[in-house]
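Top line first, the protein sequences correspond to chains A and B.
Under the working numbering, residues 30 to 599 are what the first sequence spells out, in order.
Under the working numbering, residues 30 to 599 are what the second sequence spells out, in order.
We put the beta carbon where it would ideally sit given N, CA and C, even for glycine.
Keep in mind the model is a prediction, meaning the values are calculated, not measured.
Accompanying notes for the structure given below.
2 protein chains.
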Amino acid sequence: MRASQIFIPTLKETPAEAELVSHQLLLRGGFIRRLASGLYTWMPLGLRVLRKVERIVREEMDRSGAQEVLMPVVQPAELWQESGRWEKYGPELLRLKDRHQRDFCLGPTHEEVISDLARREIHSYKQLPVNFYQIQTKFRDEIRPRFGLMRGREFIMKDAYSFHVDHASLEITYQTMYDAYQRTFTRLGLDFRAVEADNGAIGGKRSHEFHVLADSGEDAIVSCDHCDYAANMEKASSPAKAAPAEAPLEAARVQTPGIRTVAEQAAMLGISSSQIVKTVLVVAGEQPVMLLLRGDDELNLIKAAHALEVDEVRMATPEEAESATGAPLGFIGPKDLKTSIRVLADHRALNVGNFSTGANEMDTHWVNLNWDRDLSCPDSADLRNVRAGDPCPHCSTGTLGIRRGIEVGHVFQLGQVYSERMKITVLDESGRDATVTMGCYGIGVSRVVAAAVEQHFDERGIIWPASLTPFDVGIVAINARKFPEVAAAAQALHDRLEQAGFNVLLDDRDERPGVQFATMDLIGLPHRVVVSDKVLAQNVWEYRARRASENTLVNEAELMDRLNASSPVH
Amino acid sequence: MRASQIFIPTLKETPAEAELVSHQLLLRGGFIRRLASGLYTWMPLGLRVLRKVERIVREEMDRSGAQEVLMPVVQPAELWQESGRWEKYGPELLRLKDRHQRDFCLGPTHEEVISDLARREIHSYKQLPVNFYQIQTKFRDEIRPRFGLMRGREFIMKDAYSFHVDHASLEITYQTMYDAYQRTFTRLGLDFRAVEADNGAIGGKRSHEFHVLADSGEDAIVSCDHCDYAANMEKASSPAKAAPAEAPLEAARVQTPGIRTVAEQAAMLGISSSQIVKTVLVVAGEQPVMLLLRGDDELNLIKAAHALEVDEVRMATPEEAESATGAPLGFIGPKDLKTSIRVLADHRALNVGNFSTGANEMDTHWVNLNWDRDLSCPDSADLRNVRAGDPCPHCSTGTLGIRRGIEVGHVFQLGQVYSERMKITVLDESGRDATVTMGCYGIGVSRVVAAAVEQHFDERGIIWPASLTPFDVGIVAINARKFPEVAAAAQALHDRLEQAGFNVLLDDRDERPGVQFATMDLIGLPHRVVVSDKVLAQNVWEYRARRASENTLVNEAELMDRLNASSPVH
Numbered sequence: 030m031r032a033s034q035i036f037i038p039t040l041k042e043t044p045a046e047a048e049l050v051s052h053q054l055l056l057r058g059g060f061i062r063r064l065a066s067g068l069y070t071w072m073p074l075g076l077r078v079l080r081k082v083e084r085i086v087r088e089e090m091d092r093s094g095a096q097e098v099l100m101p102v103v104q105p106a107e108l109w110q111e112s113g114r115w116e117k118y119g120p121e122l123l124r125l126k127d128r129h130q131r132d133f134c135l136g137p138t139h140e141e142v143i144s145d146l147a148r149r150e151i152h153s154y155k156q157l158p159v160n161f162y163q164i165q166t167k168f169r170d171e172i173r174p175r176f177g178l179m180r181g182r183e184f185i186m187k188d189a190y191s192f193h194v195d196h197a198s199l200e201i202t203y204q205t206m207y208d209a210y211q212r213t214f215t216r217l218g219l220d221f222r223a224v225e226a227d228n229g230a231i232g233g234k235r236s237h238e239f240h241v242l243a244d245s246g247e248d249a250i251v252s253c254d255h256c257d258y259a260a261n262m263e264k265a266s267s268p269a270k271a272a273p274a275e276a277p278l279e280a281a282r283v284q285t286p287g288i289r290t291v292a293e294q295a296a297m298l299g300i301s302s303s304q305i306v307k308t309v310l311v312v313a314g315e316q317p318v319m320l321l322l323r324g325d326d327e328l329n330l331i332k333a334a335h336a337l338e339v340d341e342v343r344m345a346t347p348e349e350a351e352s353a354t355g356a357p358l359g360f361i362g363p364k365d366l367k368t369s370i371r372v373l374a375d376h377r378a379l380n381v382g383n384f385s386t387g388a389n390e391m392d393t394h395w396v397n398l399n400w401d402r403d404l405s406c407p408d409s410a411d412l413r414n415v416r417a418g419d420p421c422p423h424c425s426t427g428t429l430g431i432r433r434g435i436e437v438g439h440v441f442q443l444g445q446v447y448s449e450r451m452k453i454t455v456l457d458e459s460g461r462d463a464t465v466t467m468g469c470y471g472i473g474v475s476r477v478v479a480a481a482v483e484q485h486f487d488e489r490g491i492i493w494p495a496s497l498t499p500f501d502v503g504i505v506a507i508n509a510r511k512f513p514e515v516a517a518a519a520q521a522l523h524d525r526l527e528q529a530g531f532n533v534l535l536d537d538r539d540e541r542p543g544v545q546f547a548t549m550d551l552i553g554l555p556h557r558v559v560v561s562d563k564v565l566a567q568n569v570w571e572y573r574a575r576r577a578s579e580n581t582l583v584n585e586a587e588l589m590d591r592l593n594a595s596s597p598v599h
Numbered sequence: 030m031r032a033s034q035i036f037i038p039t040l041k042e043t044p045a046e047a048e049l050v051s052h053q054l055l056l057r058g059g060f061i062r063r064l065a066s067g068l069y070t071w072m073p074l075g076l077r078v079l080r081k082v083e084r085i086v087r088e089e090m091d092r093s094g095a096q097e098v099l100m101p102v103v104q105p106a107e108l109w110q111e112s113g114r115w116e117k118y119g120p121e122l123l124r125l126k127d128r129h130q131r132d133f134c135l136g137p138t139h140e141e142v143i144s145d146l147a148r149r150e151i152h153s154y155k156q157l158p159v160n161f162y163q164i165q166t167k168f169r170d171e172i173r174p175r176f177g178l179m180r181g182r183e184f185i186m187k188d189a190y191s192f193h194v195d196h197a198s199l200e201i202t203y204q205t206m207y208d209a210y211q212r213t214f215t216r217l218g219l220d221f222r223a224v225e226a227d228n229g230a231i232g233g234k235r236s237h238e239f240h241v242l243a244d245s246g247e248d249a250i251v252s253c254d255h256c257d258y259a260a261n262m263e264k265a266s267s268p269a270k271a272a273p274a275e276a277p278l279e280a281a282r283v284q285t286p287g288i289r290t291v292a293e294q295a296a297m298l299g300i301s302s303s304q305i306v307k308t309v310l311v312v313a314g315e316q317p318v319m320l321l322l323r324g325d326d327e328l329n330l331i332k333a334a335h336a337l338e339v340d341e342v343r344m345a346t347p348e349e350a351e352s353a354t355g356a357p358l359g360f361i362g363p364k365d366l367k368t369s370i371r372v373l374a375d376h377r378a379l380n381v382g383n384f385s386t387g388a389n390e391m392d393t394h395w396v397n398l399n400w401d402r403d404l405s406c407p408d409s410a411d412l413r414n415v416r417a418g419d420p421c422p423h424c425s426t427g428t429l430g431i432r433r434g435i436e437v438g439h440v441f442q443l444g445q446v447y448s449e450r451m452k453i454t455v456l457d458e459s460g461r462d463a464t465v466t467m468g469c470y471g472i473g474v475s476r477v478v479a480a481a482v483e484q485h486f487d488e489r490g491i492i493w494p495a496s497l498t499p500f501d502v503g504i505v506a507i508n509a510r511k512f513p514e515v516a517a518a519a520q521a522l523h524d525r526l527e528q529a530g531f532n533v534l535l536d537d538r539d540e541r542p543g544v545q546f547a548t549m550d551l552i553g554l555p556h557r558v559v560v561s562d563k564v565l566a567q568n569v570w571e572y573r574a575r576r577a578s579e580n581t582l583v584n585e586a587e588l589m590d591r592l593n594a595s596s597p598v599h
């Protein structure tokens, strides 16, 4: 295709609205344009990339035995009321009324719709398992849409929902989907990691997130440097190894006027923060709970909710904390409690000897406390975020590292949450009604485009993976107006490469070579071929891979070899 | 693909909700399922058909030089306020508010969004002409969604918008689109007609609708039996030939007590309704107007609006009619008017001699009036709907026929309506600001699926055109559980046909042959091959084309010939 036949509105300046590199480069390269907050139009070049993502996702879903359907964007409220999410979902669910004042929403996800379909159409275990997927426009009314495609309001998802007669069948499909995702993201040319994730309030047993690794990623993901253990921060754990035994010192109350933080406490007492047991007051359900953590550890609210067996745990307000403990904020501690508040410790907090903690009196802390000797051990659980360097929970030798990731996929065992609420039953082999078991599997199709850019760029622009590039090869015809033989040779090369199966963009614009090169670098095609009167005289082409810094003169056979060498996997 | 791998929930009974054949058969064949009023899920089989329509439409749009983009479904109200359509569009425009209480709508069409894009990105005549298209989900809040996909609320459109520096350029692209639509609907295997259409209130110069011919069509389309003239009923015209001269008779007032209708008037007076000049009172803008038509002709409100140079004409209420004429309803006439009301006649009304009309007095009509002798000729225009048998306006010999059509495409010269309202200008060749000229071009992609069924079915089910069928061939394995050699032979044939490039559905279900045949007929695959122990013994296949009534025994080479003979055009 000639550049004059495709609308590529590149920008010289970086748009002020764009923070993330992917947002900047996709705007600058003319891949997308903003219509309104969180709403983007896919321009011709961007749509070519999006379609490539869609095709790979579709091929791998089909290969896995999933069946493609297409559900409506607009969904009736009744189904969401049945599942209980109409009230629960919050303002990200865009609610609307039709002309008859009936309630609907724009689908951010399709569990309700597919569940309704399943209960109408599936009646026997013989129809199971079945896995339906769609690639479809979704809407989520983000409070602050930002980062371009990364967190837009309207976006494109591949969502799949599987139905099973029992959990064993779900496990098989779950693994099939996990494998399909591995193949999908590999074919997309992305450096990614599958990590264990928490199933949260929705229940279900297992879940994995797929993250594209990028420094700009919003999520912290944890992995072992020795084995294949990987989890997101919500889920990652590390064994609490007992600290080396330390001779118990004499416990004492000390004056610590004005102390409010662990850091201040450590500094005033001349100890490490790891020698402090800090208290964190939370509210679980309706009940206040005192959590104990080592001073240098960070509370993980998700783990606390699991340990306390509630849907959600939140931090207590200062007033709630003082009222629940009868002690002044900054000086609350587990020894000599004035109230009957529930206490739960992180495992690691119980491994600290000679520790300091609040004395439940203004301006007073304990030092050199020891569990059992000075106060009894409370129940304990895993409550902390892991840290880089922590030991791996799976292998005995590795240590954990932390990297940044962009979540692009999620496989999730829903279990019977929806099928119970929406009453999806089938006759099982013995002729009895059985509630079905479900899984769901998402890929952020439009987000993949942004994530790929976050992982593949340099100061000159995007560097598309071979499987995603809008064109495989860019041909730059230099001074084609002045040299008709250059224009003719470039067009002939374009035609031969297209004939050989490559998508080719021929820059036939009447622009300075510098502008032409800058455009090719910005839009990120993997291969560039320059046609000029100079190289024509030598009967060669001037080739440069997008990642290379130098040009190479090649004959056409060599050029073909280089193009073929980086063809995407199928 | 084996039938056990694809979910095809066929129904024996015709769903009560479905009136149209396409709605019935698409539900019964398991192609679609209803989620809510006017909202349908595309099941695996239906989606295969939809994708085929999409692919053909996309290929022909690309071939025509149009560039594919993808715009958001959710559109900001500001743009619709700018174009003036926020107020004007009526309740079919589904309006909604986001979490910040900002107004949006679900796009029923995208003139505003593409106009906004164009004015931001296009600045010079050198960037023109350009034609952007998308294949996208749209929403129209129909008051009574019905007929399944034919008039749903959520539907899939191909919409294209072209931009030009002048009208001459628009004419070229308009013709290119017209030709692309001819190719598209031909490739889709549909019997269709392109007809001239009215541009309506929106202005612009030319417009054509593309109709699939089907007895169930909502629209009347008019065509000549001799030349290629064709138009929709709103637009179609016919020359008003002068009636043979008749000797003028003596005019008289006659008593016609209780007469209200043309038919009653003709009966009481013993004349033909073609000898009556009837009055129709309408309101054009704010003004009442008296229209005159031959008694047997039907008013065309669109033509009246054009003739009166207003956006819209409506019928006057009885009160408005009597107050505007000072005469009693049923007895209003153009002679001896009591008020200064504007009068406009259809051309044909002026060709009637010795006519009867109301006398502007209760229970009184004139008979034997003649223009010029008894009252002066008013202005005249084309105001009537044509009728079958009318002479063709283009050729001298043909007569017009009327058929029913389903509108599936529309090409439309928008002119400068949107570009003026939304201020889309470019620098022209002489460096001056020029308002761009626009065209728009739609295809009802999901409606095509229903229209194809309306045109291709019999009492047993759908008969898909080769280009739209979800599978090219259906193989029915008879008693495959009992005869493993049948199962094996059917599977091997399936594999060979797939290898040869056909999409094959193998019915490997454990069902009676009658059920298997009924399913194949219902879902409408063009070719059926039966594999049974009997035919295996003869070393042949039992073949039947969907439209045929008899089976034929064929060897495999003959089978291939038959399959290849009906492959779709590319």
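Going along chain A, which residues have a C-beta under 8 Å from residue i?
i, result
"Tyr-69(B)", "Pro-101"
Determine the DSSP secondary structure at residue i, reduced to helix, strand or coil.
i, result
"Leu-443(A)", "strand"
"Ile-453(A)", "coil"
"Asn-261(B)", "strand"
"Leu-79(A)", "helix"
"Asp-132(B)", "strand"
"Val-312(A)", "strand"
"Pro-105(A)", "strand"
"Ala-479(A)", "helix"
"Asp-524(A)", "helix"
"Asp-408(B)", "strand"
Run down chain A in chain order and give the residues with a C-beta less than 7 Å from the C-beta of residue i.
i, result
"Asp-127(B)", "Leu-123 and Asp-170"
"Leu-76(B)", "Glu-97, Val-98 and Leu-99"
Straight-line CA distance for residue i to residue j?
i, j, result
"Leu-99(B)", "Asn-508(B)", "49 Å"
"Ala-32(B)", "Leu-534(B)", "6 Å"
"Gly-387(B)", "Val-440(B)", "44 Å"
"Ala-594(A)", "Ser-561(A)", "25 Å"
Beta-carbon within less than 6 Å of residue i's beta-carbon, same chain only, minus the 5 sequence neighbours each way: which residues are those?
i, result
"His-196(A)", "Thr-466"
"Arg-432(A)", "Leu-242 and Ile-250"
"His-255(B)", "Cys-424, Thr-426 and Gly-427"
Leaving out five residues on either side along the sequence, give the residues of the same chain with a beta carbon under 8 Å from the beta carbon of residue i.
i, result
"Asn-399(A)", "Pro-277, Ala-280, Gly-382, Asn-383 and Phe-384"
"Pro-38(B)", "Gly-59, Arg-62 and Met-72"
"Tyr-154(B)", "Val-194, Val-455, Leu-456, Asp-457, Glu-458 and Ala-463"
"Ala-292(A)", "Ser-302"
For a contact meaning CB atoms closer than 7 Å, what does residue i contact in chain B?
i, result
"Ile-435(A)", "By Cβ distance, chain B contributes nothing, its closest Cβ being about 22 Å from Ile-435(A), past 7 Å."
"Met-72(A)", "Val-98"
Near-chain A residues of the stretch 487–510 of chain B - C-beta to any C-beta below 9 Å
For the stretch 487–510 of chain B, no residue has a beta-carbon sitting nearer than 9 Å to a beta-carbon of chain A.
Residues within the stretch 150–167 of chain A neighbouring chain B, beta-carbon criterion of under 9 Å:
For the stretch 150–167 of chain A, which is checked against every Cβ of chain B, the residues closer than 9 Å are Glu-150, Ile-151, Gln-156, Val-159, Phe-161, Gln-163, Gln-165 and Thr-166.
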